[in-house]
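Positions 980 to 1260 (this note's numbering) are the ones given, in order, by the sequence shown.
Don't be surprised by glycine CBs; every beta carbon is placed ideally from N, CA and C.
Have a look at the structure below before the remarks.
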Amino acid sequence: MSRIDLHTHTTFSDGSVSPTELVELANQQGLDILSITDHDTTEGLPEAIEAAKDFPLELIPGVELSAQFQSQEMHILGYFINMTDPQFQKRLKALRATRHVRILQILDRLHTLGMDISLEEVEATSGTGTIGRPHIAQVLITKGHVKDMKEAFERLLGSRGNAYVPRDVPEAQEIITWIIDAGGIPVLAHPYWEGWNKAESITSCQTLVEQGLQGLEVFYGTFSARQISFNLGLARQFDLLMTGGSDFHGTFKPGITLGKGRGSLHVPSKTVERLRIAAGQ
Ligand SMILES: [Zn+2]
Ligand SMILES: [Zn+2]
980 MSRIDLHTHT TFSDGSVSPT ELVELANQQG LDILSITDHD TTEGLPEAIE
1030 AAKDFPLELI PGVELSAQFQ SQEMHILGYF INMTDPQFQK RLKALRATRH
1080 VRILQILDRL HTLGMDISLE EVEATSGTGT IGRPHIAQVL ITKGHVKDMK
1130 EAFERLLGSR GNAYVPRDVP EAQEIITWII DAGGIPVLAH PYWEGWNKAE
1180 SITSCQTLVE QGLQGLEVFY GTFSARQISF NLGLARQFDL LMTGGSDFHG
1230 TFKPGITLGK GRGSLHVPSK TVERLRIAAG Q
């Protein structure tokens, strides 16, 4: 039985470990298959591929892209993407630029709330990686405005927080097309179907399938048995591929262990076999 984790982040987005450290950790945890799915970037993959050469670990190229769907932000994973595709890289660069605009808007809100944080301070925390809200949170903690990540998101940066600003990102249909154009498989990340009842969730899933979605992340680090079974039902109904992963972010997401999520994550081997076949790999 293979041990699999297809959803992880590194310092190239908002994770706390480098691609090399993540590969080493995956090996320590006894994983057989790993996918790194940094937000809006594939720039961590070459380092990971290099590091994985030392271990019996299969690395699947991945990415996690932000999209809009019915005015909500959603995340779409892309697996087996061709990361050297110049058009794809150009599109990712444009997507990353929307992050900067949003960061500045959030810093503006924080300023109004009496918390002065500069873009330089946030950039110093993110290093060379894709900048995101956890990096603002980190500065808020360091400066003593909040005590931890949880408070930063609940009170300020989360969708119900006082300094929240939604990001202006492309529609899901467009993001799905980007992934397909780059030879990848588009999969809906952590489908919570928030704010929708059962019938609405089914309709939304159907719309996404019509737009080219090919899979659902059925097995997710924090999903309950009920959530897994609901998504399993949707995947069967629409004949979708199934994937799974922990959404590991290192210390930026406490309580989530690589390959295990909150402890009970199990990604069946046959899901990866089907994904591989669909990608022609
Ligand atoms: Zn996500
Ligand atoms: Zn993620």
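Query	Result
If distances are taken between C-alpha atoms only, which option among Thr1201, Gln1047, Ile1015 and Thr1222 comes closest to Gly1234?	Thr1201
Pull every residue with its beta-carbon under 5 Å away from any heavy atom of ligand 2, and keep them in chain order.	Glu1043 and Asp1226
Are the Cβ atoms of Leu1083 and Leu1098 separated by less than 9 Å?	yes
Figure out for me which residue from Phe1231, Thr1063 and Ser1203 has the closest Cα to the Cα of Asp1127.	Phe1231
With three or more C-beta pairs closer than 8 Å as the rule, is the stretch 1180 to 1199 touching the stretch 1076 to 1095?	no
Are there any heavy atoms of ligand 1 lying less than 8 Å away from the beta-carbon of His1245, as far as the coordinates show?	no
Can you give me the start and stop residues for the alpha helix (DSSP H) that Ala1073 sits inside?	Pro1065 to Thr1091
Does the distance between the C-beta of His1054 and the nearest non-hydrogen atom of ligand 1 fall short of 8 Å?	yes
With DSSP as the reference, please indicate the residues paired to Phe1048 in a beta bridge.	Gln1051
If you follow the beta strand (DSSP E) that Val1125 is part of, which residue opens it and which one closes it?	Looking at the DSSP string, Val1125 is not in any beta strand (DSSP E), and its letter there is neither H nor E.
For Ala1116, count the other beta carbons within 10 Å of its own beta carbon; 16 or more makes it buried, fewer makes it exposed. Which is it?	buried
Restricting to runs no shorter than 4 residues, where is the alpha helix (DSSP H) found entirely within the stretch 1178 to 1259?	1204 to 1216 and 1248 to 1257
In terms of residue numbering, what span does the alpha helix (DSSP H) encompassing Pro998 cover?	Pro998 to Gln1007
If Gly1123 and Thr990 are in contact, beta carbons under 8 Å, what's the gap, nearest whole angstrom?	Not confirmed; about 24 Å, so no contact.
Using a threshold of 8 Å, is the CB atom of Ala1151 nearer than that to any non-hydrogen atom of ligand 1?	no
So the beta strand (DSSP E) Val1166 belongs to, where does it begin and stop?	Ile1164 to Leu1167
Is His1114 near ligand 1, judged by its Cβ being under 8 Å from some heavy atom?	no
Among the candidates Ile1110, Glu1150, His1228 and Ser1014, whose CA atom is the shortest distance from the CA of Gln1049?	Glu1150
What number of angstroms, rounded off, separates the C-alpha of Leu1244 from the C-alpha of Ser1225?	7 Å
With a 10 Å radius around its C-beta and 16 neighbouring C-beta atoms as the bar for buried, classify Glu1022 as buried or exposed.	buried
Quick one: give me the first and last residue of the beta strand (DSSP E) that Ser1014 is part of.	Ile1012 to Ile1015
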